[in-house]
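Participant: This is the structure I have questions about; it appears just below.
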Amino acid sequence: MRMNKSEGPGEMDLRPLSARSVVLSLLLGTHPPELPVRDLLRAVEPLGVAGSTLRAALSRMVAAGDLRSTDAVYRLSDRLLERQRRQDIAVHPETRPWGGDWEMTVVTATGRGPAERAELRGKLTALRLAELREGVWLRPANLLRPRPDELGAVARHFTTRPEESARQLAVNLWPLESWAKTAEALLARIDATADRPADRFTVLAAVVRHLLADPVLPPELLPADWPGPTLRAEYTARRRELIAAVLGNPT
């Protein structure tokens, strides 16, 4: 039985953000995802990015297809709008009451190369499925989200119920203790960076990456004092405060 990989207990990916990462983080958290260059210049200064560095990054990002620019307003390209959608879902997943059923996706396609297999694994992981064994993925059927249409050509989907304890199965499939410890460490870091905008921005970016790995299990299958809802609430509130401080208006 395989377990979804996660950071070790209490580990956090707090790498410093590049100018490109700062711009993307600002736009990914803004609705609609567009900002005038004057607002970007004002926003990045307290985050440690110089104006010349920002302008160079914006030019490279437009050339690379990350951004589109019209009349000095920069917005996410169409391909990055999907990333924003995934981030929004990670922060605010849509769920339904759980009745005990599990989703199961069985990969039926064969003869795929390493790149195709890696791409498929990424799509299944993004659906918050966990791999029971090679080609067999499952999760509790409490999560509402569309499946990519292209999955129909390579996999079949079922509804099932395990004979073993559902809670034990969840423990075997996801590193819940490790995820919770990292979430608690991130919450502590958020509090510790209240007066350091650049550091708080870095921590909040790490929170988003961590929320993408939250399996969003039904409460019945989670340990006591699961920190997922608290981490989401803190992220939402502190990001709003930070964006209001650097841009002058909440998002």
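For what it's worth, the working numbering labels the leading residue of the sequence shown as 2, then goes sequentially.
C-beta: ideal position from N, C-alpha, C; glycine also.
As the structure is a prediction and not an experimental result, all values here were calculated from the model.
1. Within 10 angstroms of its Cβ, does arginine 239 collect 16 or more other Cβ (buried), or is it exposed?
2. Spatial neighbours of glutamate 221 within its chain, please: CB distance less than 8 Å, with the 5 preceding and 5 following residues excluded, ordered by chain position.
3. Which complete beta strand (DSSP E) runs does the region 180-231 hold, if anything under 3 residues is left out?
4. Are lysine 182 and leucine 152 close, meaning C-beta to C-beta below 8 Å?
5. Would arginine 233 pass as a contact of leucine 213 if the rule is Cβ separation under 8 Å?
6. If you drop the 5 nearest sequence neighbours on each side, which residues of the same chain put their C-beta closer than 6 Å to that of glutamate 185?
7. First and last residue of the beta strand (DSSP E) that includes leucine 36?
8. With burial defined as no fewer than 16 other Cβ atoms inside 10 Å of the residue's Cβ, what is the status of aspartate 196: buried or exposed?
9. Could you say which of Gly136, Thr126 and Arg162 lies nearest to alanine 142 if we only look at CA atoms?
10. Can you check DSSP and say which residues form a bridge with valine 74?
11. Which two residues bound the contiguous beta strand (DSSP E) that contains glutamate 104?
12. How many Å lie between arginine 210 and arginine 129 at the Cα?
13. By Cβ distance below 8 Å, which residues in the same chain neighbour leucine 48 in space, the five residues on each side in sequence not counted?
14. Among the candidates Pro149, Arg146, Met62 and Leu121, whose CA atom is the shortest distance from the CA of valine 1?
15. Is it right to say glycine 9 is buried, meaning 16 or more other beta carbons lie within 10 angstroms of its own, or is it exposed?
16. Buried or exposed, going by whether 16 or more other CB atoms sit within 10 Å of the CB of threonine 31?
17. Determine the burial state of proline 251: buried for a count of at least 16 other Cβ atoms within 10 Å of its Cβ, exposed for fewer.
18. Rounded to whole angstroms, what's the CA-CA distance from threonine 71 to alanine 64? Just pull it up for me.
Facilitator: So, from the listed chains and residues:
1. Looking up residue 239 in the sequence shown gives position 238. Looking at its Cβ environment, which holds 16 or more other Cβ atoms inside 10 Å, arginine 239 is buried.
2. Residue numbering aside, residue 221 sits at position 220 when the sequence shown is read from its first letter. Excluding positions up to five away in sequence, the list reads Trp99, Ala167 and Arg168.
3. none
4. For the purposes of this step, residue 182 is identified with residue 181 of the sequence shown, where counting begins at 1. For the purposes of this step, residue 152 is identified with residue 151 of the sequence shown, where counting begins at 1. No, the Cβ-Cβ distance between lysine 182 and leucine 152 is not below 8 Å.
5. Position 232 of the sequence shown, counted from the first residue, corresponds to residue 233. Position 212 of the sequence shown, counted from the first residue, corresponds to residue 213. Going by C-beta atoms, arginine 233 is not nearer than 8 Å to leucine 213.
6. In the sequence shown, residue 185 corresponds to position 184, counting from 1. If we look at glutamate 185 and ignore the five residues flanking it on each side, its Cβ neighbours are Pro228.
7. Taking the sequence shown and counting its residues from 1, the one referred to as residue 36 is at position 35. Run containing leucine 36: 35-37, per the beta strand (DSSP E) assignment.
8. On the sequence shown, position 195 is the one that residue 196 refers to. Classification of aspartate 196: exposed, given that the 10 Å Cβ count is below 16.
9. One-based indexing of the sequence shown puts residue 142 at position 141. When Gly136, Thr126 and Arg162 are compared, the shortest CA-CA separation from alanine 142 is found for Arg162.
10. Counting from 1 along the sequence shown, the entry for residue 74 is found at position 73. Pro37 and Thr71.
11. Locating residue 104 in the sequence shown gives position 103, where the first residue counts as 1. Where glutamate 104 is concerned, the enclosing beta strand (DSSP E) stretches over 103-108.
12. The residue labelled residue 210 in the question sits at position 209 within the sequence shown. The residue labelled residue 129 in the question sits at position 128 within the sequence shown. Approximately 13 Å, taken between the alpha carbons.
13. The count along the sequence shown starts at 1 and reaches residue 48 at position 47. Annotation for leucine 48: Leu18, Val23, Pro198, Ala199, Phe202 and Val247 place their beta carbon closer than 8 Å to its own, counting only its chain and skipping 5 residues before and after.
14. The first residue shown for the chain is 2 and the last is 252, placing residue 1 beyond what the model contains.
15. As a first step, residue 9 is located in the sequence shown; it is residue number 8 there, counting from the start. Annotation note: pLDDT 49 at glycine 9 (below 50); position unreliable, coordinate value reported separately. Exposed, by the Cβ-count rule.
16. Against the sequence shown, residue 31 aligns to sequence position 30. That one is buried.
17. To locate residue 251, count along the sequence shown from 1; it is residue 250. Its pLDDT being 46, under 50, proline 251 is placed unreliably by the model, and the measurement read from it follows with that caveat. Proline 251 counts as exposed, since fewer than 16 other C-beta atoms from the protein chains shown sit within 10 angstroms of its C-beta.
18. Working through the sequence shown from its first residue, we reach residue 71 at position 70. Working through the sequence shown from its first residue, we reach residue 64 at position 63. Approximately 14 Å between the Cα atoms of the pair.
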